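Presented below is the structure to which this report refers.
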Amino acid sequence: EIVVYPPPPSPPPPEGLLMQVDFEVDNMEDVTVDARSEGVMRTMRQSRGAAHSGQYGFYVQVEKNFKADCDAQVSLRSFRPPRDAAGFTFGFWGRTGCSAQSAA
1 EIVVYPPPPS PPPPEGLLMQ VDFEVDNMED VTVDARSEGV MRTMRQSRGA AHSGQYGFYV
61 QVEKNFKADC DAQVSLRSFR PPRDAAGFTF GFWGRTGCSA QSAA
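Heads up, the final residue of the sequence shown is numbered 104 in UniProt numbering, and it's a clean run with no missing numbers.
In structure tokens, the structure reads:
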């Protein structure tokens, strides 16, 4: 008999943290990818090569350049800061790659 257990839950986020996405669990709702124009990008939600503080990270590979910067977007899920928050800081770490050739 083979018994498989799920990985242990992630530790609770530090106090005051509004949102945390760690990619250790592949939650399709955490990230939305939108690519327009003729550009091509490939994304990996759980990439060992993009890991930062855990085993996995989010990786974006641009394979064909996009016409405009806003034609390729990677968005995190929405969140709402508390009403009494005077401000907040957004920080992230990411890894990208580019195999696209620019037109000469």
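Using N, Cα and C, we set each Cβ at its ideal position, and we do this for glycine too.
Model, not experiment: these values are computed from the prediction.
For residue i, the residue or residues it bridges with in DSSP
i	result
residue 76	31
residue 98	62
residue 48	Its beta-bridge partners do not exist; DSSP assigns none.
residue 42	61
Nonlocal neighbours in the same chain, by C-beta distance under 7 Å from residue i, ignoring five residues either side
i	result
residue 60	41, 43, 74, 96
residue 100	62, 63, 64, 65
residue 10	22, 24
Through-space distance from residue j to residue i, alpha-carbon basis
i	j	result
residue 93	residue 3	35 Å
residue 54	residue 24	7 Å
residue 7	residue 47	17 Å
residue 89	residue 82	13 Å
residue 36	residue 51	27 Å
heavy atom of the ligand MG below 8 Å from residue i C-beta
i	result
residue 57	The ligand content of the structure shown is nil, which means the ligand MG is not present either.
6 Å CB neighbourhood of residue i in its chain, flanking five on each side removed
i	result
residue 19	79
residue 30	21, 77
residue 104	Residue placement at residue 104 is flagged as unreliable, the pLDDT there being 49, under the threshold of 50; a coordinate-derived value is accordingly withheld.
residue 28	none
residue 67	37
DSSP state of residue i mapped onto helix, strand, coil
i	result
residue 71	helix
9 Å Cβ cutoff, residue i in contact with chain B
i	result
residue 2	In the structure shown, chain B does not exist; there is a single protein chain.
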